[in-house]
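Residue numbers (my numbering): 610 to 848. Here a beta-carbon is modelled for each residue, glycine too, at the ideal position from N, C-alpha and C.
Here it is as structure tokens:
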């Protein structure tokens, strides 16, 4: 017997993506499902998913599964025993409204829809769709909300050392700092100069270089430069 099933998981948002060339209207990376026990008393094991996974699935609101409820799309992939999605929001107003709710931490739950064949001893699930919903089915999923990105921006611009940023980000500082840098440039800041990692101290400052301008006269440019310097230093420290 084949039936449509929906399973919800509290979205572990690893990266909340600011506007970029490949995601001009934002996006996020989240856990779509894992093998932990959900509120229905079931586990969705990795081996039960039909492979290969679709190259792309629709992202919608509350599993409306209509053009009118679609707010973007997502690329599904496996990471260990978890089904992950790399989601991209649409430019539509309704999509940006949902993006705001996710970014502000009001909504943090995704749900997968699958066509399930239970004619065999082991169920087979064909992934169809992912939706952003309000109530999770899996009480054990852990969220890393979108505020982490905003907090990192504040820390970097306020002069927190790159070592502290790396520690707080759980080892993901290189990607996070680069994303912050790219976002600041997108908003109009421009880079004055690049530094090699050996030219930077632990705070991401240039060492022995009189050309580094920290006077504040060029605030946007200085911030973009500092972010880029931190990214280079993060790469050096994470090797």
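(Q) One question on the structure: do residue 679 and residue 632 come within less than 7 Å of each other, judged by their Cβ atoms? (A) Not closer than 7 Å, so no.
**Q.** Identified DSSP bridge partners for residue 670
**A.** Listed as beta-bridge partners of residue 670 by DSSP are 741.
Q: Can you tell me which of the three DSSP states residue 656 falls into?
A: In the structure shown, residue 656 sits in a helix (DSSP, three-state: H, G or I).
Q) Does the Cβ of residue 743 have 16 or more other Cβ atoms within 10 Å, making it buried, or fewer, making it exposed? A) In this structure residue 743 is exposed. Its beta-carbon is surrounded by fewer than 16 other beta-carbon atoms within 10 angstroms.
Q) Between which two residues does the beta strand (DSSP E) harbouring residue 679 extend? A) That run of the beta strand (DSSP E) goes 679 to 688.
Q) Start and end of the beta strand (DSSP E) containing residue 691? A) Per DSSP, residue 691 belongs to the beta strand (DSSP E) from 691 to 698.
Q. Quick one: Cα of residue 738 to Cα of residue 707, how far?
A. Cα-Cα distance, rounded: 17 Å.
**Q.** residue 733 in three-state terms, based on DSSP
**A.** DSSP, reduced to helix, strand and coil, places residue 733 within a strand of the structure shown.
Q: Return yes when the Cβ of residue 638 is within less than 7 Å of the Cβ of residue 741, no when it is not.
A: Contact: no.
Q) Between which two residues does the alpha helix (DSSP H) containing residue 707 stretch? A) That run of the alpha helix (DSSP H) goes 702 to 712.
Q | Inter-residue Cα distance where the pair is residue 691 and residue 721 | A | Between the alpha carbons of residue 691 and residue 721 lies a gap of roughly 12 Å.
**Q.** Alpha carbon of residue 636 to alpha carbon of residue 711, nearest angstrom
**A.** Using only the alpha carbons, I get a separation of about 10 Å.
Q. Looking only at its own chain, which residues have a Cβ that is under 7 Å from the Cβ of residue 667, when we skip the five neighbours before and after it?
A. Once the five neighbours on either side are set aside, the close Cβ partners of residue 667 are 679, 682, 738.
Q. Just how far apart, CA to CA, sit residue 730 and residue 713?
A. When rounded, the distance between both Cα atoms is 43 Å.
Q. Under a Cβ-count criterion, where at least 16 other Cβ atoms within 10 Å of its own Cβ denotes burial, should residue 736 be classed as buried or exposed?
A. Answer is buried; the Cβ neighbour count reaches 16.
Q) From residue 673 to residue 695, what does the alpha carbon distance come to, in whole angstroms? A) About 20 Å.
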